[in-house]
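Note that UniProt numbering has the sequence shown beginning at 1, numbered continuously upward. In what follows, a structure is listed as structure tokens, so that the remarks can point back to it.
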Amino acid sequence: MRHLLDRLSSWVVRARRGILAVFLILGVLSAFLMAAVQVNYDLTAYLPQDMPTTKALTLMEDTFGYTGMAQVMLEDMSIDEVLAMKAKIAGVEGVSMVMWLDDVADVRAPLSTLDESLVKSYYNDGAALLTVQFDDSDYSERTRTAVQEISALVGDSAMTGSAVTAGLLIQSSAEEVLLVVLWAIPVVLIILLFATSSIAEALIFLFVLGVSVLINMGTNAFLPSISFFSQLSVAVLQMAIAMDYSIFLLSRFREERANGAEPVAAMTAAVKKSFLSISASSTTTIAGFVALMFMRYTIGWDMGLVLAKGIVFSLLSVLLVMPGLALILMKAIDRTSHRLLLPRLGGYARGVDKCRIVVLVVCVLVVVPCFIAQGQNHFVYGESAIMASEGSVLAADKARIEEKFDVYEPLAIVAPTQDIATEREIAARLGEIDGVASVQTLATVLPKGMPESLLPEMATSQFRADGYTRYVLSLSVEQETEACEQAVAGIRAVVNDAFGEEAGVAGGASSVSDIREVVESDYTVVNAISIALVLLILIISFRTLVLPLILVLVIESSIWINMAIPYFQGTDLSFIGYMIVSSIQLGATVDYAILLADRYRGQRALGESPREAAISATRLAGESVLTSAGILTAGGLTVYFVSSISGIAQLGLLIGRGAALSGLMVLTVLPILLTLFDRLITKRRKVQ
């Protein structure tokens with residue numbers, strides 16, 4: 001192994017210009033490939049194939065096509081004005097049909113002669129609520145263009161629905177991908193200027209990791225698609241997480257030069273001596289991401305694969321590109337050198353040591369309630385919850401509509417065609433379920449005694465196709481509520497009783513129900529795998545069991561605190577973010593604990609007492625921990641402040657806050673635990 005590292009480090013330094021040229025070419029090609037990356041915005045696409053919603057969507061697509069839906073509220077309009085606007089909307093390219101009161105009643109008759117509840121569900125207090133159905137799905141370019149044209153037609157009228165949500169999600173994602181990176185770069189650069197001893201070094205860090213980010217994002221074009229979660233967050237996360245490797249390498253290079261080695265020899269030695277530590281650090285990080293790939297809800301596979309791939313490219317860039325680039329820019333590094341600006345932590349470490357009992361008691365008093373609280377969060381699962389954050393245009397429009405009309409939550413049932421009497425009976429059973437506001441199918445719109453043949457083909461085709469009938473339901477309960485969950489369960493019970501497995505229920509509410517069922521079981525699996533993989537790597541690295549358990553406990557404690565904060569704030573938490581961040585925080589920040597523990601063991605081997613070794617370890621590892629935690633915190637918070645998509649912003653906040661908490665726990669609690677368990681930690685080392 002030593003001989004192989006000698007040859008590798010010598011080759012990296014010797015072939016530096018050729019390696020740099022290859023990576024530059026790959027970076028440029030990847031930049032062009034980024035335009036070919038397919039981004040998926042449909043969260044239901046990640047459900048397992050055996051879930052009811054997936055089966056229902058497939059059946060719907062095969063028979064009727066799964067079309068997009070939207071609602072438009074027109075205010076301060078007369079009946080004639082509403083009808084005129086309805087005709088204009090119906091004429092928009094991509095609109096299949098527009099439904100309003102005139103489709104179910106004679107609006108030319110005095111409204112007072114019509115059923116009051118029926119009228120108020122379509123026309124209330126001078127406001128008309130139109131339901132728009134599109135030819136294509138919510139996520140198609142044609143539907144998105146149609147939504148934009150309708151918005152231009154109706155001006156500041158409120159719009160909501162799955163097609164509107166999807167359109168805003170796609171638009172926001174496209175606008176924010178570059179914006180997040182552009183904001184993150186100067187923030188990270190400022191931290192690097194404090195953490196490095198040269199301005200040129202900081203710029204080299206950004207360049208090398210920037211190339212690896214380009215290659216990672218470009219190679220996503222070879223995947224069938226990536227989720228919008230990955231598209232928006234991976235670039236910043238990859239850069240922030242992998243910055244450690246660059247810092248390790250150039251820190252070792254500075255040490256070798258300080259010992260009198262000339263630059264080429266110093267870099268050769270630096271690559272050789274830092275290779276194992278950088279590889280070990282990246283392995284624990286990759287392990288956390290690989291754990292995500294075991295999720296049945298395959299958005300975990302998506303993010304885990306893209307992030308793990310990014311860490312591999314970062315590792316290769318740091319070990320292959322950075323040595324040569326640093327040597328090429330050696331003069332610039334020397335000319336722009338300055339003293340390290342990060343604070344020294346010797347005084348802080350001594351203060352923690354003096355108050356160690358108090359610190360430990362406070363830690364226990366905080367961590368235990370947080371462990372309980374983090375499992376009591378109110379989680380949200382659906383796409384609308386991820387997009388419609390408080391204060392957003394979508395949330396405001398939804399609130400405006402619900403001021404005058406009931407909650408509108410559409411569901412569709414596709415079932416084998418029955419005779420009209422049977423279908424009318426099934427529709428009546430569905431209508432009796434709490435939370436179901438209305439049920440429409442051919443049997444309910446066909447006047448009693450009228451033959452089906454007298455209905456226009458357009459009307460019939462909306463409900464009948466290829467031996468199947470479509471039931472369109474409107475729920476009066478919000479997604480993500482217990483009432484909605486019970487309504488979906490009741491609907492599925494009626495459908496299963498009437499049709500068995502030949503029918504399916506599709507829609508936002510049913511999707512949320514299935515996503516909840518899958519990810520709740522996923523969490524236990526992913527959490528166990530991520531902890532087991534990281535523990536295994538640490539046990540192999542340290543050749544002891546106690547120390548890895550302490551390191552994982554410290555990071556897990558910071559995760560519990562991080563995830564308990566939304567509970568104490570009374571904030572809804574995206575379950576997808578909860579799962580992803582738990583694995584990312586463990587995999588990415590356990591490196592801080594490894595670094596400090598390694599320094600502690602080194603100082604103990606030099607003969608220092610446990611308390612002295614803890615103080616020295618905090619002082620020696622503090623700068624690296626502050627830098628790494630600071631960069632990941634800055635990267636996460638950049639995503640939080642820049643993204644207008646609630647779910648993505650929350651993901652950034654959790655990662656940023658988690659990195660800060662992990663850094664704090666490592667620099668405060670870990671040194672105390674190392675001294676407490678010193679005999680168990682150092683026993684094997686002393687024997688050796």
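Glycine residues also receive a C-beta, built at the ideal position from the N, C-alpha and C atoms.
Gln133 places its beta carbon less than 9 angstroms from that of Val98. Around the beta-carbon of Thr219, 16 or more other beta-carbon atoms lie within 10 Å, marking it buried. Following the DSSP letters along the chain, one finds Ala503 in no beta strand (DSSP E), marked with neither H nor E. By alpha-carbon distance to Gly324, the top candidate from Gly310, Phe23, Leu676 and Tyr600 is Phe23. Boundaries of the alpha helix (DSSP H) harbouring Ser582: Phe575 to Ala605, taken from the DSSP string. Taking every protein chain shown into account, the CB of Ala532 has fewer than 16 other CB atoms within 10 angstroms, so this residue is exposed. Here the alpha carbon of Val271 sits roughly 57 angstroms from the alpha carbon of Glu485. Counting along the chain, Ile413 sits inside the beta strand (DSSP E) bounded by residues Glu409 to Pro416.
CA-CA distance, Tyr567 to Glu141, rounds to 39 angstroms. Ranked by how close their Cα comes to the Cα of Met295, the residues Ile584, Thr131, Tyr41 and Pro48 have Pro48 in first place. DSSP places Ala195 within a helical segment (H, G or I) once states are collapsed to three. Distance from the CA atom of Phe289 to the CA atom of Ala235, rounded to whole angstroms, is 15 angstroms. Ile328 is classed as exposed because its beta carbon has fewer than 16 other beta carbons within 10 Å across all chains shown. For Ala266, DSSP records no beta bridge to any residue. Comparing alpha carbon positions, the residue from Thr285, Ala427 and Ile150 closest to Ala87 is Ile150.
Residue state for Leu342 is assigned as coil, using DSSP reduced to three classes. Proximity to Asp102 across Leu118, Val95, Glu93 and Val92 peaks at Leu118, based on C-alpha coordinates.
Between the C-alpha atoms of Ser274 and Ala373 there is a straight-line separation of about 40 angstroms.
Look at Leu129 here: in three-state DSSP terms it is strand. Setting aside the 5 residues that flank it on each side, Tyr123 is surrounded in the same chain by Leu101, each with a C-beta closer than 6 angstroms to its C-beta; the list follows chain order. Val439 is a Cβ neighbour of Leu473, given a cutoff of 9 angstroms. Thr160 is bridged by DSSP to Gln71.
Leu129 is a Cβ neighbour of Phe405, given a cutoff of 9 angstroms. The alpha carbon of Asp125 has as its nearest neighbour, out of Arg108, Glu402, Leu192 and Ala109, the alpha carbon of Glu402. For the pair of segments examined, the segment 667 to 680 was found not to touch the segment 209 to 223: the number of CB pairs separated by less than 8 angstroms stays below three. DSSP, reduced to helix, strand and coil, places Gln440 within a strand of the structure shown.
With at least 16 other beta carbons inside 10 angstroms of its own, Arg657 counts as buried. Scanning the segment 275 to 329 for uninterrupted alpha helix (DSSP H) segments of 4 residues or longer gives 299 to 316 and 322 to 328, listed from N- to C-terminal end. Taking a 10 Å sphere around the C-beta of Asp42, we find 16 or more other C-beta atoms and assign the residue as buried. Bounds of the beta strand (DSSP E) holding Leu475 are Tyr468 to Leu475.
By alpha-carbon distance to Ala109, the top candidate from Leu307, Asp136, Ile79 and Met85 is Ile79. In this structure, Leu74 is the residue among Trp183, Leu74 and Gly577 with its C-alpha nearest to the C-alpha of Ser157. Ile420 and Ala487 have their C-alpha atoms spaced approximately 25 angstroms apart. Secondary structure at Phe134: strand, using DSSP grouped into helix, strand and coil.
About 18 angstroms separates the beta carbons of Gly346 and Arg604, which is beyond the 8 angstroms limit, so they are not a contact pair. Counting only the Cα atoms, Thr444 lies some 24 angstroms from Val72.
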